[in-house]
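Number of protein chains: 2
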Amino acid sequence: MTLTLLGLLGTGLVDPRSAVVHADDPGLTRGDGCFEGCRVRTDGSGRSQVDKLDAHLARMRRSASALQLPFDADEWRVLVDKALAACVTPGEWAMKLLLTRGPAGGTPVGLLTVSALPAEYPRQRRDGIAVATLDRGTAADAFARAPWLLGGVKALSYAVNMAAQREAVRRGAEDVIFVSADGFVLEAPTSSVVWAVGRALFTTPLDGTGILGGTTQQLLFERAAAAGWRTEAARARVADLFAADSLWLVGSVRGPVDVVRIDGVVRARDTARTAEVRTLCGFGRQ
Amino acid sequence: MTLTLLGLLGTGLVDPRSAVVHADDPGLTRGDGCFEGCRVRTDGSGRSQVDKLDAHLARMRRSASALQLPFDADEWRVLVDKALAACVTPGEWAMKLLLTRGPAGGTPVGLLTVSALPAEYPRQRRDGIAVATLDRGTAADAFARAPWLLGGVKALSYAVNMAAQREAVRRGAEDVIFVSADGFVLEAPTSSVVWAVGRALFTTPLDGTGILGGTTQQLLFERAAAAGWRTEAARARVADLFAADSLWLVGSVRGPVDVVRIDGVVRARDTARTAEVRTLCGFGRQ
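Protein sequence lines correspond, in order, to chains R and G. Residue numbers for the first sequence, in the working numbering: 14 to 299. Residue numbers for the second sequence, in the working numbering: 14 to 299.
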């Protein structure tokens, strides 16, 4: 499977089969760069739009700043517009924006890719997902006074996140909920953890935990608050997730997916509440 | 500054100006791959050799295995031999071996690069280096039962290591000694920590700490033991580093460098002991 579209910041779209990164770019050799993943929707007449681009560019600016990389949102908007204009086949697409430090003596490199949704997403959205809980090794306040640990930075250094997802598969699950060394719920490798008790929505607090603030979780909480839900950032333990009425992993491209099993134990689903949350997140009915 | 040499596993040497990595390779997008950094020496007649290649390939095999990536040492040796044959300008060189998961639907990608030594290495070898101690966020036993945290795996996810070195510069130092959340000495972002008390050499234990076993530290300990030193893996605190007779950061390309300042406090140097350690590590006199 090759990319559908490939863009270079400052250049425009190029052949999606091209190799574009140099072997001495610290984005590759050190995972020293940052990224965003966004959902693109293309309607029946071939017009494309990207979900909450402002929020993604704002977060990428914060990531770049933490890594001491330059970031020009307007330049990125030009590249995104070119990609959207070329994205004409109706459906959903995954768009990534990547910023690397660039090869030795060079300048930072910005890349945009558009590709098909992962094949498992439609099933996971419909049937929910089984997760394993895994220790992240850090205490829930480890990041509070340690900016070099890059808490909240979406860096190109996800090897542990990918290894954790492989461990989940080994345990008969498909995804992970990371737990702090002192037993508090953190996040999933590529999504936020959100749970509901009655008409209250909860997620992990940012400060000190090092988790990434989710753009879809934030959109959900804004819209849910406007719709009369109570919303709260709360420290929770795995037992609280079992006790919750609903539990979702919430990401920008996959949207919210029901967690139907934790460490092999089945959780009840509430399909009406999940449908409501999906709508609030900007995703349609399954 | 461009690369001196560039090689592709299974192909051979290519134009060192080539971009060779695809924008959807998880080695780039997720830091999902592994690497080694080795020293190459080229003598006056243009013959090159690489230091302790067996140890580097053995460690890379372990890294690849932890990431569920295939690894064929013989194939790497073919590529290394081609690079050594083409490396004819007398001096020292930095050789990197990189293995990425490869683009979606593709196969893993192996890369070899040869480049000049970092400009600061000769000065650091001669004058020593100032370090800052920084909290790594994990307890000294955090990795013991959590293989998904990739302790001891040299993955392409070094963003925290690079951010820590930038923090060190902000603090008036040049490198970092990471300390566990519970106050034990770990490692430097790209080297091992070794200290001496009398005729005893110490370094951080591997189990549970998550540190990378250093190939140069291991060579040093083997040769030092044969030369009558006592060698030991020991849990230590920063106060123990101040109390030690000598303290070095030990890496494959830079070799051992004296730590002459910790968090702004000057340490005494013992140039005779450092010269002995340099020789044991396979590095000449400064």
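Beta carbons: idealized from backbone N, C-alpha and C, even for Gly.
- Boundaries of the beta strand (DSSP E) around residue 48(G): 46-55.
- A check of alpha carbon separations from residue 140(R) across 285(R), 278(R) and 272(R) identifies 272(R) as the nearest.
- Looking at 258(R), 222(R) and 35(R), the one whose alpha-carbon comes closest to that of residue 124(G) is 35(R).
- For residue 135(G), the three-state secondary structure derived from DSSP is helix.
- Under a criterion of Cβ atoms nearer than 7 Å, the residues of chain R adjacent to residue 161(G) are, in order, 147, 173, 176, 177 and 180.
- Within the region 57-83 of chain R, contact with chain G at the beta-carbon level (separation under 8 Å) is assigned to 79, 80 and 81.
- Under the three-state reduction of DSSP output, residue 236(G) falls in the helix class.
- In this structure, the straight-line span from the alpha carbon of residue 70(R) to that of residue 219(G) is close to 40 Å.
- In this structure, DSSP gives residue 230(G) a helical state, which the three-state scheme calls helix.
- Residue 269(G) is bridged by DSSP to 263(G).
- Against chain R, the CB of residue 218(G) has no partner CB under 8 Å away; the residue lies outside that interface.
- Boundaries of the alpha helix (DSSP H) around residue 252(R): 251-256.
- Boundaries for residue 88(G): no beta strand (DSSP E) harbours it, while the alpha helix (DSSP H) harbouring it runs 86-99, taken from the DSSP string.
- Our two residues, residue 118(G) and residue 42(G), have alpha carbons roughly 15 Å apart in a direct line.
- Cα atoms of residue 149(R) and residue 201(R): separation of roughly 10 Å, rounded to the nearest angstrom.
- According to DSSP, residue pairing for residue 205(R) in a beta bridge involves 263(R).
- Near chain R, meaning a CB-to-CB distance below 7 Å, the residues of the region 42-53 of chain G are 42, 43, 44, 45 and 48.
- Assigned with DSSP and collapsed to three states, residue 149(G) falls in coil, not helix or strand.
- For residue 32(G), there is no enclosing alpha helix (DSSP H); the residue is part of the beta strand (DSSP E) that begins and ends at 32-35.
- Separation of residue 216(R) and residue 106(R) (C-alpha to C-alpha, rounded to the nearest whole angstrom) is 27 Å.
- Contact check between the region 242-250 of chain G and the region 188-197 of chain G: three or more CB pairs, one atom from each, fall below 8 Å, which counts as touching.
- In summary, residue 61(R) is buried, with 16 or more beta-carbon neighbours lying within 10 Å of its beta-carbon over all protein chains present.
- Per DSSP, the unbroken beta strand (DSSP E) holding residue 112(G) starts and ends at 104-113.
- Within 7 Å of the CB of residue 37(G), the CB atoms of chain R belong to 16, 126 and 128, in sequence order along the chain.
- Contact between residue 64(R) and residue 51(R) holds, since their C-beta atoms are separated by about 6 Å, short of 8 Å.
- Interface with chain G (8 Å Cβ-Cβ cutoff): residue 34(R) is included.
- The C-alpha of residue 186(R) lies about 48 Å from the C-alpha of residue 213(G).
- At least one CB of chain R lies nearer than 8 Å to the CB of residue 170(G).
- Residue-level contact check: residue 143(R) does not touch chain G, since none of the beta carbons of chain G fall below 8 Å from its beta carbon.
- No Cβ of chain G is located within less than 8 Å of the beta carbon of residue 95(R).
- Using a CB distance cut-off of 8 Å, residue 268(G) does not count as an interface residue toward chain R.
- Out of 136(R), 59(R), 269(R) and 30(R), the CA that lies nearest to the CA of residue 208(R) is found in 269(R).
- Taking the CA atoms as reference points, residue 25(R) sits about 6 Å from residue 92(R).
- The Cβ of residue 222(G) sits no closer than 8 Å to any Cβ of chain R.
- Taking C-alpha positions only, residue 198(R) is separated from residue 180(G) by approximately 29 Å.
- Taking a Cβ-Cβ cut-off of 7 Å, residue 227(G) has no neighbours in chain R, whose nearest Cβ is about 18 Å from it.
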